[in-house]
Amino acid sequence: MSPSTPEVVTVPRALSPSRASDFQQCPLLFRFRSIDKLPTAPSSAATRGTVVHAALEGLYDLPAPERTLEAATALIEPSWQAVIAKDPEVAVVANDEGLGVWLEKARDLVGTYFAMEDPQRLEPTGRELFVQTTLDSGLILRGFIDRLDVSPAGDIRIVDYKTGKSPNPRFQDKALFQMRFYALVLWRNDGVLPRQLKLMFLGDGRPVIDEPSADVLTATENKIVAIWNDIEDRLNTGVFEPKTSKLCDWCDFQSLCPAFGGEPPLFPTINVGSPES
Numbered sequence: 001m002s003p004s005t006p007e008v009v010t011v012p013r014a015l016s017p018s019r020a021s022d023f024q025q026c027p028l029l030f031r032f033r034s035i036d037k038l039p040t041a042p043s044s045a046a047t048r049g050t051v052v053h054a055a056l057e058g059l060y061d062l063p064a065p066e067r068t069l070e071a072a073t074a075l076i077e078p079s080w081q082a083v084i085a086k087d088p089e090v091a092v093v094a095n096d097e098g099l100g101v102w103l104e105k106a107r108d109l110v111g112t113y114f115a116m117e118d119p120q121r122l123e124p125t126g127r128e129l130f131v132q133t134t135l136d137s138g139l140i141l142r143g144f145i146d147r148l149d150v151s152p153a154g155d156i157r158i159v160d161y162k163t164g165k166s167p168n169p170r171f172q173d174k175a176l177f178q179m180r181f182y183a184l185v186l187w188r189n190d191g192v193l194p195r196q197l198k199l200m201f202l203g204d205g206r207p208v209i210d211e212p213s214a215d216v217l218t219a220t221e222n223k224i225v226a227i228w229n230d231i232e233d234r235l236n237t238g239v240f241e242p243k244t245s246k247l248c249d250w251c252d253f254q255s256l257c258p259a260f261g262g263e264p265p266l267f268p269t270i271n272v273g274s275p276e277s
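Below is the structure:
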């Protein structure tokens, strides 16, 4: 294929919370990540989040009496080793601080988790649970829930761990979009409205808790469908413009962004299909 011949790319008729959030943040970011699938540099914060998530997931493999802070912090280093075994290039994220300091910060986040919850009192129904549903429009919604709790009475709680700090109350709806997305998937699958959504911000030990109503989840569904319709229109036109914000300072794609004097790669020929196609 010559450099001037567009590549053919199949884009599934599906959205996850992260891809929907990418599009809302910047249509060009969505294109680079979801269509062009451009690589990104390893991120210290994201990698630390992966390590902490793995440690907390592993903690619940233990019998309840053994779910201690000491046991959880002991899982940090093997979780790190598993990450770099999968992708050795990620190891560079600890270079600036040194691995010992980097791992200790991850252990501190686990310590904050224990200040927020007692894992010995919990028996999650699901961890790193893949969920998926198909809306009436044919759009597939899917993603992974960090933890799903179901009470003896059948009440459902969706829990997500965040290693950053809690948002200003003015921006909580943006933070809750992911959780309402998951709640919508479960609701559409089973007809049961999740009772509680809980975001646990380990960066400052503050939770954000929401009790979603049917009206809120219906509005969330309408928003997601509108996002997809906008994406699909752009797949036909090839127009994914940048949306500049302070988040541009952390973007891996500035060299390809017209807002910073860059030029995106040739837009591919798009085939919209099922996730399996």
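The sequence shown begins at 1 in the working numbering and counts up one residue at a time.
Every residue, glycine too, gets a C-beta built ideally from N, C-alpha and C.
For residue i, report the span of its beta strand (DSSP E) as first-last.
| i | result |
| --- | --- |
| R13 | Neither: R13 is in no beta strand (DSSP E) and is coded neither H nor E. |
| R33 | Taken as a continuous stretch (DSSP letters only), R33 belongs to no beta strand (DSSP E), as it is neither H nor E. |
| N271 | 269-273 |
| F144 | 140-150 |
| K162 | 156-162 |
By Cβ distance below 7 angstroms, which residues in the same chain neighbour residue i in space, the five residues on each side in sequence not counted?
| i | result |
| --- | --- |
| R206 | S166 |
| E57 | R127, E128 |
| D230 | none |
| L103 | I76, E77, W80 |
| I145 | G126, L129, V131, I158, Y182 |
| A175 | P167, L199, V208 |
| W228 | L15, L139 |
| I270 | V9, V11, L235 |
Leaving out five residues on either side along the sequence, give the residues of the same chain with a beta carbon under 8 angstroms from the beta carbon of residue i.
| i | result |
| --- | --- |
| I209 | Q196, L197, K198, L199 |
| M116 | M200, L202, G205, P207 |
| R67 | L59, Y60, P119, Q120 |
| V83 | T47, T50, V51, A54, V90 |
| V185 | V131, Q132, T133, L141, R142, G143 |
| A45 | T163, G164 |
| L69 | V110, G111, F114 |
If we count the other Cβ atoms within 10 Å of its Cβ and call it buried at 16 or more, is residue i buried or exposed?
| i | result |
| --- | --- |
| D118 | exposed |
| V90 | buried |
| T40 | exposed |
| D173 | exposed |
| E221 | buried |
| W250 | exposed |
| L28 | buried |
| P17 | buried |
| P65 | exposed |
| Y170 | It should be noted that the sequence gives Arg, not Tyr, for residue 170. The residue is exposed, with fewer than 16 neighbouring Cβ atoms inside 10 Å. |
| P212 | buried |
| V8 | exposed |
| A20 | buried |
| D215 | exposed |
Can you tell me where the alpha helix (DSSP H) holding residue i begins and where it ends?
| i | result |
| --- | --- |
| F30 | 27-30 |
Can you give me the C-alpha to C-alpha distance between residue i and residue j, rounded to a whole angstrom?
| i | j | result |
| --- | --- | --- |
| I35 | K105 | 34 angstroms |
| G164 | T5 | 42 angstroms |
| D285 | L148 | This structure leaves residue 285 out entirely; the chain is present only between 1 and 277. |
| R33 | A71 | 36 angstroms |
| C248 | E97 | 24 angstroms |
| E123 | E77 | 24 angstroms |
| I158 | G261 | 42 angstroms |
| T112 | V272 | 43 angstroms |
| G138 | R13 | 8 angstroms |
| A101 | A94 | It should be noted that the sequence gives Val, not Ala, for residue 101. When rounded, the distance between both Cα atoms is 8 angstroms. |
| R107 | K246 | 30 angstroms |
| K162 | D22 | 17 angstroms |
| F267 | N236 | 11 angstroms |
| L38 | Q178 | 23 angstroms |
| D233 | K86 | 37 angstroms |
| P258 | P242 | 7 angstroms |
| D136 | C26 | 27 angstroms |
| S43 | P88 | 13 angstroms |
| L62 | P152 | 21 angstroms |
| G238 | F30 | 12 angstroms |
Here's a check: name, in chain order, each residue in its chain whose Cβ is nearer than 6 angstroms to the Cβ of residue i, leaving out the five neighbours to either side.
| i | result |
| --- | --- |
| M1 | Bear in mind that the predicted position of M1 carries a pLDDT of just 46, short of 50, making it unreliable; the figure below should be weighed with that in mind. Excluding positions up to five away in sequence, the list is empty. |
| S277 | At S277, the pLDDT of 42 sits below 50, so the modelled position is not reliable and the matter cannot be decided from this model. |
| F253 | F32 |
| W187 | L193, L217 |
| V150 | T125, I156 |
| L256 | G262, P264 |
| T73 | R107, V110 |
| D226 | The residue asked about is misnamed: residue 226 is Ala in this sequence, not Asp. Hits under 6 angstroms: none found. |
| N189 | T133 |
Original post:
For the segment 176-231, which segments carrying the beta strand (DSSP E) assignment without a break, of at least 3 residues, lie completely within its bounds, in sequence order?
Top reply: 196-201, 206-210
Original post:
Residue ranges of each alpha helix (DSSP H) run of no fewer than 4 residues wholly in the segment 53-135, ordered along the chain?
Top reply: 69-74, 76-86, 99-116
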